[in-house]
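Chemist:
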Amino acid sequence: MLRLGPALLARLARAQPRAPPRRCGAAAAAGGGEEQERFVFLEYEPDPAERAAAAAAALRREREPKPRRGRGAAAAVPSLSDPSVPPSGVSCSGCGAELQCGDGGAPGFVPAEKYRSLLSEGPAALRGAVCQRCWALAHHGSALRLRLPPDEHRRVLSAALRRPPRHGRGPLLLYVLDVMELPDPVLPQLPALLGPDVPAAGVLVVGNKVDLLPADCRGHLGRLRERVAAACARAGLRGAALVDIRLVSAKTGFGVEGLVSRLQRSWKCAGDVYLLGATNSGKSTLFNTLLRSDYCKSRAPDIIDRATVSPWPGTTLNLLKFPIINPTCDRIFRRQERLKQEAAKTEDQLSSEEKKHLNQLKKQGYVVGRVGRTFQQQKSCSEIDFDPDMLSYSMDEDPRDPPKMHEEREEFTHNEVKDARWCFDTPGIVKEDCVLNLLTEKEVKLVLPSHAIVPRTFILKPGMVLFLAALGRIDYLEGDKPAWFSVLASNLLPVHVTTLSNADAVYEKHTAQEFLKVPMGGEERMKEFPPLVPQDITLKGIDTTEAVADIKLSSAGWVAVTAHAEEELLLRAYTPKGTALVVREPPLLPYISSIRGARIPGTPAYRTKKPPSFVENLRTVGSR
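Anchor point for the sequence shown: position 562 equals 562 in full-length UniProt numbering, and the numbering is continuous, going up by one each time.
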């Protein structure tokens, strides 16, 4: 029988996880009442237990000592740079920037001590490393500011697209756009960005983030596709240049299997593929999803690291890539057989792990897909190697730590990649006139929706004002009848309704405070934040069930306005100076005001209602 010495028992006791402080959970749960006054209803707030656990974990992280730096990743804490050491010539596996230790404010920075340690381990260790910025994003959720020229992302992208055609054919461009950002601000710039000297074979437009939008009626996805097609036509993208339009959710997997089938059926393996799009459109998330699908070579997920994904704009700084699998007839047949088998399953036939993952995705989005792999690389079982002498020690000494084993990193062989076609993730094109450019890291996390948006509808009379945090304001100035205003924005952003006579006082008193939440930081924050500027808008109602237009408050969200037939409304909308305010006609979800509960007595608000989620490629019980 193995006996444990006192030193080991003490070490084990110290290693036991501590329960989170109760006061954190109580404080987190107590915040719901104040938010409810701002019409952030409990129906779609995070579960109190989840919020309490997250708050306790955050407190523990603050109290814990700084984590040790792991192998293959840079430290999250600042360190001295060493300009005398030349750049590595190796790209960060998270963002694509060249790894270096000479400039702490430049892309690809790794602290000098860690950089030298990786160099001493050999080229394979450096190829598996990430820069300090990606480490901070992945492990701490914090973004390090970098000194990048304004047009650096465009320069990298333009240079990549102007490379000589490989394999005798130009690349296929997958332009990823956020459907909530329609009309896409970058899409009209695409022809100028490509130019006449870019030998592109065509553009396949991918409308992403459809999982965040509720279905306001039957066929809403078809209508969204029509809106994307109209945006492409206005940007001059039509005819042979437009290969196809696909709607997906890179996060929940909806539509991804169909996208892979479309690429393998039409593009096959004719040339390289580039993912393009604006910042925060979901390119890197789609890159990671395709990396775990049938679109890449079977060994690629074990060799190529995932791209760093963050709400912070411009996470990808250079090119990332994975090799595309050659879709032979046999592979396509086997893939189709797998898809048929999976489509015949019901949710009850899934494994417990698959059910758990599926339920998590259902909480995050309205439409969900299951992305699988037909061609898996078989892994050989490795023998467990241990030293029996390491298990023996005297009662008077601590047990010895086992020596660190050098981990061999898998690499592609020359034959695997010599004629390979590659899928590239490119830096996002920065959106001008975007409110996200004015926000801090914490504010961006609140503004960008990460879960399915629950619409919030209010009925306003003339003389009433609606605030979306402190980032947008809509005044109902003139009209004969009440109108309905449906807010579609991050569920974490508060909505406040007041009268026109009190609106300025509310803004002055509560801006940068908890009541309006974003921006945050008090008077000091507002000294550098631009003021709200107005724009008058005139609308004519269609029907009490159909919105006439969306008032898009930059990237903070939008408000769908529904009014009586032929009713003329005079509105005044505000956004921060230097940001875009767009009146979107026709609206993206014209029947969104119907997704609401009963009117809350004594308030202009309706109770919220969250539609159920839909899972594609999964048979429902009772269907044939």
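Every residue, glycine too, gets a C-beta built ideally from N, C-alpha and C.
Since this is a predicted model, take the numbers as computed values, not measurements.
1. Label L493 either buried or exposed according to how many other C-beta atoms from any shown protein chain fall within 10 Å of its C-beta, with 16 as the threshold for buried.
2. Which value, in whole angstroms, describes the spacing of the CA atoms of L361 and V368?
3. Using three-state DSSP, classify E585 as helix, strand or coil.
4. Taking the alpha carbon of V248 as the point to measure from, which residue in L174, R331 and A470 has its own alpha carbon closest?
5. Would the beta-carbon of L539 fall within 8 Å of that of T575?
6. For W267, write down the residues that DSSP places opposite it in a beta bridge.
7. E478 by DSSP, collapsed to three states: which one?
8. If I measure Cβ to Cβ from T498 and keep anything under 6 Å in the same chain, skipping five residues before and after, which residues do I get?
9. For N326, count neighbouring C-beta atoms within 10 Å of its own C-beta (all shown protein chains included) and say buried if the count is 16 or more, exposed if not.
10. Would you call E546 buried or exposed, if buried means 16 or more other Cβ atoms sit within 10 Å of its Cβ?
11. Here's a check: name, in chain order, each residue in its chain whose Cβ is nearer than 6 Å to the Cβ of P449, leaving out the five neighbours to either side.
12. By DSSP, does S352 sit in helix, in strand, or in coil?
13. Is the CB-CB distance between P281 and V447 below 8 Å?
14. DSSP three-state call for T285: helix, strand or coil?
15. What I want to know is whether the C-beta of P214 ends up closer than 7 Å to one or more non-hydrogen atoms of the ligand ADP.
16. What is the C-beta distance between Q364 and A452, in whole angstroms, given that I count them as a contact (C-beta under 8 Å)?
17. Between the C-alpha atoms of R525 and L439, what's the straight-line distance to the nearest angstrom?
18. Between A270 and the rest of its own chain, which residues show a CB-CB distance below 6 Å, the 5 nearest in sequence each way excluded?
19. The alpha helix (DSSP H) that contains S501, what's its start and end?
20. Drop a sphere of 10 angstroms on the beta-carbon of F322, count the other beta-carbons inside from all chains shown, and report buried for 16 or more, exposed for fewer.
21. How would you label I551, buried or exposed, when you count the other beta carbons within 10 angstroms and need 16 or more for buried?
22. In whole angstroms, what is the alpha-carbon distance linking N208 and R162?
23. Less than 7 Å between C-beta atoms, sequence neighbours within five positions excluded: which residues of the same chain meet that for I595?
24. Pull up the DSSP beta-bridge partners for M520, would you.
25. On the CB-based measure, 16 or more other CB atoms within 10 Å of its CB, does F254 come out buried or exposed?
26. Please classify R292: does DSSP put it in a helix, a strand, or coil?
27. Using the beta-carbon count (16 or more within 10 Å), is R335 buried or exposed?
28. Grab the span of the alpha helix (DSSP H) containing A420 for me, first residue to last.
29. Determine the burial state of G479: buried for a count of at least 16 other Cβ atoms within 10 Å of its Cβ, exposed for fewer.
30. Please report the residue range of the alpha helix (DSSP H) in which G222 lies.
31. Does DSSP put A192 in a helix, in a strand, or in coil?
32. Taking the beta carbon of F333 as the centre, do at least 16 other beta carbons fall within 10 Å, making it buried, or is it exposed?
33. Using a 10 Å radius around the Cβ and a threshold of 16 neighbouring Cβ atoms, would you call P604 buried or exposed?
34. Can you give me the Cβ contacts of E566 inside the same chain, cut-off strictly under 8 Å, excluding the 5 residues immediately before and after it?
35. Of all the options F458, G202 and L263, which has the alpha carbon lying nearest to the alpha carbon of A483?
36. Please tell me whether P171 and V260 are closer than 8 Å, where the distance is taken between their beta carbons.
Modeler: Reading off the structure:
1. buried
2. Roughly 7 Å separates the two Cα atoms.
3. When secondary structure is reduced to three states using DSSP, E585 falls in the coil class, being assigned neither helix nor strand.
4. L174
5. Between L539 and T575, the C-beta spacing is not below 8 Å.
6. Per DSSP, none; premise fails for W267.
7. Three-state result, E478: strand.
8. Hits under 6 Å: V465 and V506.
9. Sixteen is the threshold: since fewer than 16 other Cβ atoms of the shown chains lie within 10 Å of the Cβ of N326, the residue is exposed.
10. buried
11. Setting aside the 5 residues that flank it on each side, P449 is surrounded in the same chain by L212 and S490, each with a C-beta closer than 6 Å to its C-beta; the list follows chain order.
12. helix
13. For the record, residue 281 in the displayed sequence is Ser; it is not Pro. No, Cβ-Cβ distance for S281 and V447 is not below 8 Å.
14. helix
15. This structure simply doesn't include the ligand ADP, nor any ligand for that matter.
16. 7 Å
17. 10 Å
18. R169
19. L500 to H510
20. With 16 or more other Cβ atoms within 10 Å, it is buried.
21. buried
22. 26 Å
23. P214, D216, P455, K609 and P611
24. Looking at the DSSP assignment, M520 forms a beta bridge with A512.
25. F254 is buried by the Cβ-count criterion.
26. coil
27. buried
28. Note, A420: premise wrong, no alpha helix (DSSP H); not H, not E.
29. buried
30. First-last of the alpha helix (DSSP H) with G222: H220 to R234.
31. DSSP places A192 in helix when its eight states are reduced to three.
32. exposed
33. buried
34. Answer for E566: K540 and G541, listed in chain order.
35. F458
36. no
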